[in-house]
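*Asks:*
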Amino acid sequence: MARLLVLVATLALVAVISEACTSSSGRTPSWDVGDSTEIYPTYDPATESVGVGVTVRFKRETDDSKLQVFKLIDASGDGYIDACEWLIEGGIVKNFVQFLTDDDVDGDEKISWNEFQKVSVA
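Quick look at the structure:
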C-alpha cells in the first residue's frame, strides 16, 4: 500500500512539473533577467538531466553589422543609399521603391543612415 501511495504521489508530482514547464503555445517558457538576458529550463532526455539555459543578446554587434551593411550598399560613401547603389548590390527596383515608400522619411528618394537605422536587417 505504501508503494502504491508513493507511486501515485510521484506521478502527480511529475504531472504538475510537466504542466508548469510548458506553455499553452508549446514553447518552453523563458524569463527576462535584465535588458538583454533571459533564462529558461532545459531537459536532456538522453541523460534525464535538467538545467537552466541562459541567453545573452548583444545589441552592439547588431548595430555594428547594420552599419557594415549600410556601408557596403553605400558604394559612393556619401551617407545615402540611392537606387543605383541598390541595383549594383543586386537589389531589385521594385524592392527599392517599397523600401523608399516605407522608410524614406524626408522624401528625398534615398535612404540616409538615420533612416536605415530603423530598418530591420535580417
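The sequence shown maps to residues -20 to -1, 1 to 102 in mature numbering (1 follows the signal peptide of the UniProt record, and there is no 0).
Beta carbons are placed, not taken as given, at the ideal position from N, Cα and C, and that holds for glycine.
1. What are the start and end residues of the alpha helix (DSSP H) that includes residue 65?
2. Is the segment 85 to 102 in contact with the segment 48 to 63, if contact means three or more CB pairs nearer than 8 Å?
3. Return the chain-ordered list of same chain residues with a C-beta closer than 6 Å to the C-beta of residue 30, the five sequence neighbours on each side being excluded.
4. Roughly how many angstroms lie between the CA atoms of residue 77 and residue 98, to the nearest whole one?
5. Classify residue 42 as buried or exposed, calling it buried when 16 or more other Cβ atoms lie within 10 Å of its own Cβ.
6. What did DSSP end up calling residue 96 once you bin it into helix, strand or coil?
7. Look at the alpha carbon of residue 34 and the alpha carbon of residue 15, and state the distance between them as a whole number of angstroms.
8. Could you check how far apart the C-beta atoms of residue 53 and residue 69 are, in whole angstroms? I think they sit under 8 Å.
*Replies:* Reading it off the structure:
1. 63 to 68
2. yes
3. 23
4. 17 Å
5. Only weak support exists for where residue 42 lies, its pLDDT of 49 falling under 50; the coordinates are left without a value.
6. helix
7. 13 Å
8. 5 Å
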